[in-house]
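As they're listed, the protein sequences go chains P and A.
Each residue of the first sequence is one higher than the one before, starting from 301 at the first, in our numbering.
Each residue of the second sequence is one higher than the one before, starting from 301 at the first, in our numbering.
Protein chains: 2
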Amino acid sequence: MTRKIPGSPAIKSAGATAANDFPRPYTTVDVVIFTVLNDALQVLLVQRPSDATDPFPGHWALPGGFVNVSLDDSLLACARRKLLEKTGVASPYLEQLGSWGGASRDPRGWSATHAYFALIPAQDLALAKGANAADVAWFKVDEVLRAPELAFDHGEILQAAVERLRSKVEYTSLPAFLLPEPFTLPQLQRTYEVVLGRPVDKSGFRTRMLAADFLEEVGHIESESNRPPMGYRLKDRSAPVIFPRTFSPRQGS
Amino acid sequence: MTRKIPGSPAIKSAGATAANDFPRPYTTVDVVIFTVLNDALQVLLVQRPSDATDPFPGHWALPGGFVNVSLDDSLLACARRKLLEKTGVASPYLEQLGSWGGASRDPRGWSATHAYFALIPAQDLALAKGANAADVAWFKVDEVLRAPELAFDHGEILQAAVERLRSKVEYTSLPAFLLPEPFTLPQLQRTYEVVLGRPVDKSGFRTRMLAADFLEEVGHIESESNRPPMGYRLKDRSAPVIFPRTFSPRQGS
DNA sequence: GGAATAGTGTCTATCAGACACTATCAG
DNA sequence: CTGATAGTGTCTGATAGACACTATTCC
């Protein structure tokens with residue numbers, strides 16, 4: 301016995317003996333890809349095809365799509381694949397964000413998406429963008445959040461990702477994953493300031509970064525017309541460092 | 301064209317025009333339910349049926365199961381339903397933990413589970429346990445983690461839940477959700493100590509709790525043979541409070 | 001008064017923020 | 001020498017931990 305859900309493929313419905321014989325929701329993965337570009341936190345979006353057979357034609361959306369059971373061995377592998385397809389970046393910082401599922405978020409039917417967020421240096425994209433192409437672009441996060449025209453519930457997912465990122469930046473070395481190596485401490489500080497949206501004291505910043513012992517000197521970088529800064533790279537690109545305290549400025553009188 | 305996956309219902313396979321015409325993974329929800337009982341952090345487990353048609357017969361597992369598209373409006377609603385069915389608790393502290401999905405975690409096929417974790421006062425269970433009954437029991441977390449015989453990847457999920465709980469307890473009021481109201485500050489302190497697995501200074505603890513301003517006095521509780529402690533309840537049961545600092549003892553010399 | 005638990009006061013090492021200072025380059 | 005950016009030193013107020021102290025009950 302097979303039931304036809306409008307606009308979706310046939311699924312064998314419940315009613316048989318096996319307890320697992322339920323109609324199955326769609327399973328998708330979406331990736332929120334951040335970078336810092338032009339002194340702003342930006343997110344990568346893809347434009348959905350204009351033909352009206354798909355939901356949200358022409359809308360911008362987070363890169364993502366259905367889990368492919370034969371290609372993807374796990375959710376993480378699926379996220380990596382989506383990211384590689386859209387950006388050409390193979391091993392960025394990638395972290396699970398959460399999942400959003402329900403009856404009404406996709407007009408095609410009950411669906412659940414597994415959201416990830418990734419941090420990449422803006423420079424890394426350029427190479428692959430030519431290869432993959434077209435309807436992919438960076439958008440300033442602040443502007444997208446102000447006018448949330450995104451497909452599905454991707455506005456909500458983006459908002460959650462930004463909140464998570466901002467809060468983790470208060471006490472982790474995450475912004476280092478937004479920069480190409482080697483980078484300098486002033487560049488890293490600027491990245492913190494852009495993500496946090498507020499200035500950070502230089503002296504405290506440097507003490508903190510160096511005390512955390514996650515940076516490796518790689519010699520001075522030449523600059524024009526001033527003191528050449530020290531270049532650094534991460535000792536361990538596999539995970540961020542967690543600081544014992546927060547960045548927040550002193551409160552109260 | 302319909303393909304039969306062994307031991308699973310028929311699914312229309314890919315190959316048609318629609319981009320969403322993929323074989324669909326199973327979608328499940330699991331809930332890690334914690335309480336503090338007998339001075340120990342405990343987790344609620346259910347025993348899987350012994351007949352061998354199901355995977356992991358007789359094994360203990362986290363309460364959970366398939367999303368029911370017609371009953372559950374969202375993932376969170378599904379988690380609430382599972383929790384209500386097993387414990388009778390309607391509005392506990394409930395937080396999304398993460399998702400685990402892949403080809404090999406369930407022998408029946410590609411599946412993805414959405415894991416939640418819940419905190420309930422042990423007392424609240426008793427009522428419903430009689431009603432629902434049977435193969436449900438509290439286990440000490442430490443013992444389960446030492447000998448992880450759980451079904452599926454539930455050992456891994458439990459471990460992640462414990463880590464998340466322990467780390468959040470360092471800087472939030474979460475343990476208050478493990479106690480029945482009204483509770484006293486010494487009780488709350490004991491709960492912190494049980495979850496963290498180390499003693500906590502009384503004076504600092506009290507200062508911290510009261511400064512966070514999330515407790516409401518409800519009058520003294522009678523006790524036997526000593527000074528009656530003040531009873532408290534939460535001002536807001538909908539969310540925990542986040543402390544500005546961590547509990548960690550001073551490090552270094 | 002004694003035992004037991006509840007609750008408070010105080011002292012101090014630590015440290016993050018603030019900001020003034022020095023260093024090194026180009027022209 | 002000037003301008004610009006990189007990098008360091010120093011002072012101070014807030015505070016978390018340690019621990020000794022007082023308070024309230026029952027016997």
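Virtual Cβ for every residue (Gly too), placed ideally from N, Cα, C.
What does DSSP give as the partner residue(s) for residue i in the beta ladder?
i, result
"T413 (chain P)", "P:T328 and P:W400"
"M530 (chain A)", "A:H520"
"F477 (chain P)", "F477 (chain P) pairs with nothing; no bridge assigned."
"V343 (chain P)", "P:F334 and P:F439"
"Y393 (chain P)", "P:L419"
"L515 (chain A)", "A:L534"
"F483 (chain A)", "A:Y532"
"S374 (chain A)", "P:G402"
"I542 (chain P)", "P:T472"
"K365 (chain P)", "According to the sequence as given, residue 365 (chain P) is Gly; it is not Lys. Paired residues: P:V329."
Taking buried to mean at least 16 other C-beta atoms within 10 Å of its own C-beta, is residue i buried or exposed?
i, result
"L488 (chain P)", "buried"
"V469 (chain A)", "buried"
"G519 (chain A)", "exposed"
"L371 (chain A)", "exposed"
"K382 (chain A)", "buried"
"S411 (chain A)", "buried"
"A352 (chain P)", "exposed"
"A379 (chain P)", "buried"
"P482 (chain P)", "buried"
"A511 (chain P)", "exposed"
"G402 (chain P)", "buried"
"P323 (chain A)", "buried"
Would you say residue i touches the ligand GTP, meaning its beta carbon is less than 8 Å from a heavy atom?
i, result
"L337 (chain A)", "You won't find the ligand GTP in this model; it holds no ligand whatsoever."
Could you check the C-alpha separation between residue i and residue j for me, to the nearest Å?
i, j, result
"F543 (chain P)", "V500 (chain P)", "15 Å"
"T327 (chain P)", "L465 (chain A)", "28 Å"
"L265 (chain P)", "G398 (chain P)", "There is simply no residue 265 (chain P) to check, as chain P begins at 301 and stops at 553 in what is shown."
"S391 (chain A)", "V329 (chain A)", "17 Å"
"D406 (chain P)", "A451 (chain P)", "9 Å"
"Y416 (chain A)", "W400 (chain P)", "12 Å"
"R408 (chain A)", "G365 (chain A)", "13 Å"
"F547 (chain P)", "V331 (chain A)", "34 Å"
"P349 (chain A)", "T387 (chain A)", "18 Å"
"E456 (chain A)", "H414 (chain A)", "13 Å"
"T472 (chain A)", "D453 (chain A)", "28 Å"
"K502 (chain P)", "E524 (chain P)", "21 Å"
"P448 (chain A)", "Q459 (chain A)", "10 Å"
"A422 (chain P)", "E517 (chain P)", "22 Å"
"S538 (chain A)", "Y393 (chain A)", "7 Å"
"Q396 (chain P)", "Q396 (chain A)", "12 Å"
"K496 (chain A)", "Y532 (chain A)", "Here residue 496 (chain A) is Leu; the residue named in the question, Lys, does not match the sequence. Between L496 (chain A) and Y532 (chain A), the C-alpha separation is close to 22 Å."
"S467 (chain P)", "Y492 (chain P)", "12 Å"
"F334 (chain P)", "P528 (chain P)", "29 Å"
"G504 (chain P)", "D536 (chain P)", "23 Å"
"G430 (chain P)", "D354 (chain A)", "Because the pLDDT of G430 (chain P) is 48, which lies under 50, any placement of that residue in the model is unreliable, and the question is left without a value."
"W360 (chain P)", "I521 (chain P)", "39 Å"
"V367 (chain A)", "E463 (chain A)", "26 Å"
"D321 (chain A)", "D321 (chain P)", "19 Å"
"R506 (chain P)", "P357 (chain P)", "47 Å"
Tell me whether the beta-carbon of residue i lies closer than 9 Å to the beta-carbon of residue j.
i, j, result
"R490 (chain A)", "D339 (chain A)", "yes"
"R509 (chain A)", "L534 (chain A)", "In the sequence as displayed, the identity of residue 509 (chain A) is Met instead of Arg. No, the Cβ-Cβ distance between M509 (chain A) and L534 (chain A) is not below 9 Å."
"V336 (chain P)", "L515 (chain P)", "no"
"V494 (chain A)", "L376 (chain A)", "no"
"L419 (chain A)", "L474 (chain A)", "yes"
"V254 (chain A)", "P325 (chain P)", "No answer is possible for residue 254 (chain A): it lies beyond the span of chain A, which begins at 301 and ends at 553."
"A476 (chain A)", "P540 (chain A)", "yes"
"D435 (chain P)", "V389 (chain P)", "no"
"S404 (chain A)", "D513 (chain P)", "no"
"R555 (chain A)", "R545 (chain P)", "There is simply no residue 555 (chain A) to check, as chain A begins at 301 and stops at 553 in what is shown."
For the segment 338-345 of chain P against the segment 437-455 of chain P, are there 3 or more C-beta pairs whose distance is under 8 Å? Yes, since at least three Cβ pairs between the segment 338-345 of chain P and the segment 437-455 of chain P fall closer than 8 Å, the two stretches touch.
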